[in-house]
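Just so you know, we're using the working numbering here: the sequence shown kicks off at -2 and counts up by one. We treat Cβ as the ideally placed atom computed from N, Cα and C, and that holds for glycine. Here's the structure, in structure tokens; my notes come after.
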Amino acid sequence: MKRKILYAGFVALISIGLFGCYKDVILPESAVDPDGPPMAVSYNADIKPMLNTKCALAGCHVSAAHKPYLNADISYNQLVNGGFINTILPKESVLYKKINSDMKEYIPSAADRQKVYDWIRTGAQNN
């Protein structure tokens, strides 16, 4: 009787060990070369809609909340005239630093962050 219980316990332990363990495969975000040739980025077609849907939300970057105010009609002026953009040293831009640090959860896509960087380093035009 003890042998059967011991055998059953051994089989159960092996089963748990074999079937209870698995390996999660977490694929890294697709690599983006921040210093490669910049993409053609339009503020009106690419940046403004992204900021409007991901940042200009109630309690976030809308009028009377946190600066810069990123409402679609005033976002460009808020960013460029508010000191959030540095076209000479794009990686030193407040906007670039924020979306790559504590605000990264709101713009999680490396491709979207790359668009912002490319827009800044190509002169941050209102196009």
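Practice problem: Pull up the distance between the alpha-carbon of SER60 and that of SER12, whole angstroms please. | Solution: The residue labelled residue 60 in the question sits at position 63 within the sequence shown. The residue labelled residue 12 in the question sits at position 15 within the sequence shown. Taking the straight line joining both Cα atoms gives about 59 angstroms.
Quiz item: Just to confirm, are GLN75 and PRO65 a CB contact at a threshold of 8 angstroms?
Solution: Here the question's residue 75 lines up with position 78 in the sequence shown. Here the question's residue 65 lines up with position 68 in the sequence shown. Yes.
Exercise. Assign LYS1 to buried or exposed, taking buried as 16 or more other Cβ atoms, counted over all protein chains shown, within 10 Å of its Cβ.
Key: Position 4 of the sequence shown, counted from the first residue, corresponds to residue 1. By the neighbour-count criterion, in which 16 or more other beta carbons inside 10 Å mark a residue as buried, LYS1 falls on the exposed side.
Self-check item: Rounded straight-line distance, which links the Cα of GLY79 to that of ALA28
Solution: Residue 28 sits at position 31 when you count from the first residue of the sequence shown. Residue 79 sits at position 82 when you count from the first residue of the sequence shown. Its pLDDT being 48, under 50, ALA28 is placed unreliably in this model, and the value from its coordinates should be taken loosely. Cα-Cα distance, rounded: 31 angstroms.
Practice problem: Measure the C-alpha to C-alpha separation of HIS58 and TYR93 and round it to an integer number of angstroms. | Solution: Residue numbering aside, residue 58 sits at position 61 when the sequence shown is read from its first letter. Residue numbering aside, residue 93 sits at position 96 when the sequence shown is read from its first letter. Going by the C-alpha atoms only, they are around 16 angstroms apart.
Quiz prompt | Under 8 angstroms between C-beta atoms of MET47 and ASP109 | solution = Translated into positions along the sequence shown, residue 47 becomes position 50. Translated into positions along the sequence shown, residue 109 becomes position 112. Closer than 8 angstroms, so yes.
Quiz item: When we look at the beta-carbon of PHE81 and count the other beta-carbons within 10 Å, is it buried (16 or more) or exposed?
Solution: To locate residue 81, count along the sequence shown from 1; it is residue 84. In the assembly as shown, PHE81 is a buried residue. Its beta-carbon has 16 or more other beta-carbons within 10 Å.
Quiz prompt | Residue nearest to ALA121 in terms of C-alpha spacing, selected from ALA9, ILE44, PRO31 | solution = For the purposes of this step, residue 121 is taken as residue 124 along the sequence shown, with counting starting at 1. Of the listed residues, the one whose Cα sits closest to ALA121 is ILE44.
Quiz item: How far does the alpha helix (DSSP H) with VAL59 in it reach, from first residue to last?
Solution: Here the question's residue 59 lines up with position 62 in the sequence shown. For VAL59, no alpha helix (DSSP H) encloses it, and the DSSP letter there is neither H nor E.
Quiz item: If we count the other Cβ atoms within 10 Å of its Cβ and call it buried at 16 or more, is LYS112 buried or exposed?
Solution: As a working mapping, residue 112 is identified with position 115 in the sequence shown. A buried status is given to LYS112, since no fewer than 16 other beta-carbon atoms sit within 10 Å of its beta-carbon.
Quiz item: So is VAL8 buried or exposed if we call it buried at 16+ other beta carbons inside 10 Å?
Solution: Position 11 of the sequence shown, counting from 1, holds the residue named residue 8. Counting the other Cβ atoms within 10 Å of the Cβ of VAL8 gives fewer than 16, which makes it exposed.
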